[in-house]
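Everything on this sheet refers to the single structure shown next.
Residue numbers (my numbering), protein chains in the order written: chain A, 85 to 234; chain B, 37 to 448.
Put into structure tokens, the structure is as follows:
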């Protein structure tokens with residue numbers, strides 16, 4: 085069983101797919117709701133304190149906005165722990181999304197730099213693409229069975 | 037008990053910056069409640085397309101959709117707080133454009149702020165209090181004439197000012213450096229009363245403002261304790277004789293600067309310096325001290341100099357002072373250095389704060405620094421307009437307080 089970072093980290097569907105195919109998903113797995121009544125689309129379930137942006141200094145310099153550093157304090161350790169990653173770009177907001185595009189850029193860069201096996205997919209726009217999308221994820225995850233190698 | 041003022045929060049990043057609790061606390065302390073306009077996820081992209089600003093961050097898209105919902109009347113609010121992370125360029129564009137859009141298309145008071153993880157509820161308090169004042173006290177803020185005998189006390193970070201007014205005239209003033217807050221206020225009040233030839237018993241109502249407003253308000257048994265954003269706006273248009281229509285009020289204070297876009301004497305949008313005090317009146321005090329002149333002499337000195345002859349454009353008060361010392365060591369004249377210091381402060385206020393509000397004439401400068409003519413000149417040059425400095429401009433907060441306090445005489 086490999087530890088697989090999912091992007092968008094809030095995607096319940098990706099989280100479920102990774103778990104379903106026998107691996108441990110690493111992400112926030114927050115439910116994106118039809119109606120948004122919280123501060124952000126990916127509002128954390130618990131209060132984050134001003135200490136998190138300071139911890140985030142490990143991943144981003146002080147001139148990087150506090151919101152980015154606060155998110156990196158949460159996702160940075162998960163990226164370090166990850167043995168593989170599934171990245172879905174251009175996803176629909178409802179599929180799962182992160183509130184801050186600058187954090188997205190840093191997360192994706194950090195994953196690509198880490199040297200772990202990564203599957204990068206574009207969000208499907210047709211049913212046929214959807215089937216291929218799930219098949220590609222399954223194939224990638226199946227390949228991770230032996231010691232995390234793709 | 038009055039109902040809570042409902043403040044709509046449009047933001048990106050406060051939760052992950054760890055400051056959402058500070059925003060809640062600031063609102064709670066002025067009996068306001070923060071809420072997030074309820075938006076359907078499906079409406080977000082549609083609203084962003086209609087707004088026309090193509091941003092990447094989902095939370096910024098959400099801000100835009102919420103702003104549109106407020107303007108279109110789909111969501112009710114008494115005021116709007118717009119907050120984004122300090123140093124985020126994408127967020128700064130959205131914050132500014134959204135603030136402008138709401139200001140131009142609704143009557144909702146808006147305050148915008150860029151926060152760091154170090155932002156506290158205390159920093160946000162005055163801004164949040166101003167939003168609630170505008171929502172709760174519109175009738176009081178509409179007052180254009182002072183009646184009876186009232187006193188206003190402004191407990192600022194550098195100086196404490198007191199004014200006694202009688203039948204729409206200023207009859208007494210007092211001014212003391214702020215050392216011990218209550219003692220300084222007592223001294224300023226004593227001077228104002230002596231000048232007016234009145235006693236405390238003659239005063240029918242008292243208003244307080246400034247950083248020490250709560251402490252001195254309690255001490256004097258004030259009828260009105262109100263933050264300086266709304267009070268100074270009122271005082272500025274009153275003294276400038278421009279109570280109706282649009283105006284811009286600039287107050288470069290001892291610790292922070294205020295830039296307020298005013299309509300009929302009531303703030304529409306406003307900013308207060310918060311992250312840095314490099315461009316405050318304190319820098320001019322330090323400049324005067326280093327040049328060996330009284331602060332009152334700095335303005336005339338600056339008018340004799342050429343600021344362009346001295347490089348001084350640091351955002352930091354320490355580096356600014358270093359530029360000053362270097363210039364003097366290199367043989368620059370005191371006049372040129374004084375002019376450069378004034379230009380430096382005016383330029384920073386122009387770049388950092390005036391860009392966040394809509395400048396509409398007349399531009400009224402108030403507060404103690406408005407007496408530094410070199411600073412007023414530099415600001416006029418930057419804005420390409422003639423700056424109005426009304427009489428008694430240094431007493432602006434005290435005058436505004438005395439004016440508004442007279443509303444409480446009739447209330448008895």
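Don't be surprised by glycine CBs; every beta carbon is placed ideally from N, CA and C.
The criterion of a C-beta distance shorter than 9 Å is satisfied by residue 234/B and residue 202/B. Under DSSP, residue 45/B forms a beta bridge with 117/B.
Assigned with DSSP and collapsed to three states, residue 299/B falls in strand.
In the DSSP assignment, the residues bridged to residue 201/B are 186/B and 206/B.
At a Cβ-Cβ threshold of 9 Å, residue 106/B and residue 144/B count as neighbours. By the Cβ test, the stretch 268-276 of chain B is not in contact with the stretch 97-114 of chain B, since fewer than three Cβ pairs between them sit closer than 8 Å.
DSSP, read as helix, strand or coil, puts residue 204/A in strand. Checking the DSSP bridge columns, you'll see residue 401/B partnered with 286/B. For residue 110/A, the uninterrupted beta strand (DSSP E) run begins and ends at 108-110, by DSSP. Just so you know, the alpha carbons of residue 438/B and residue 286/B end up roughly 20 Å apart. Boundaries of the alpha helix (DSSP H) around residue 266/B: 264-275.
For residue 123/B, the nearest CB of chain A lies under 9 Å from its own CB, placing it at the interface with that chain.
Close partners of residue 118/A in chain B (Cβ separation under 8 Å): 76, 77 and 78. Under the 9 Å criterion on CB atoms, residue 45/B is classed as interfacial with respect to chain A. The criterion of a C-beta distance shorter than 9 Å is not satisfied by residue 265/B and residue 382/B. For residue 223/B, the uninterrupted alpha helix (DSSP H) segment begins and ends at 217-232.
At a Cβ-Cβ threshold of 9 Å, residue 162/B and residue 263/B count as neighbours.
Taking 4 residues as the minimum length, the alpha helix (DSSP H) runs contained wholly in the stretch 51-94 of chain B are 56-65 and 77-87, in order along the chain. Bounds of the beta strand (DSSP E) holding residue 148/B are 146-151. Of the candidates 398/B, 232/B and 412/B, the residue whose Cα lies closest to the Cα of residue 404/B is 412/B. Look at residue 107/B here: in three-state DSSP terms it is helix. By the CB criterion at 9 Å, residue 153/A and residue 126/B fall outside the cutoff. Note that the stretch 391-411 of chain B touches the stretch 331-343 of chain B; at least 3 beta-carbon pairs, one per stretch, sit closer than 8 Å. At least one CB of chain A lies nearer than 9 Å to the CB of residue 50/B. Using beta-carbon distances, residue 125/A counts as an interface residue toward chain B, with a partner under 9 Å. Distances from the CA of residue 261/B to each of 189/B, 83/B and 206/B were compared; the closest alpha carbon is that of 189/B. Chain B places a beta carbon closer than 9 Å to that of residue 177/A, counting this residue as a contact.
Residue 204/B sits exposed, since fewer than 16 C-beta atoms from the chains shown fall within 10 Å of its C-beta. Of the residues 196/A, 188/A and 96/A, the one whose Cα lies closest to the Cα of residue 178/A is 96/A. Interface with chain B (9 Å Cβ-Cβ cutoff): residue 204/A is excluded. Short of 6 Å from the beta carbon of residue 125/A, and not among the five residues preceding or following it, lie these beta carbons of its own chain, in chain order: 181 and 183.
Chain-order list of chain B residues neighbouring residue 186/A: 93, 124 and 126, by C-beta distance under 8 Å.
Taking residue 131/B as the centre and dropping the five residues before and after it, the same chain places the C-beta of 118, 120 and 148 closer than 6 Å to its C-beta, in chain order.
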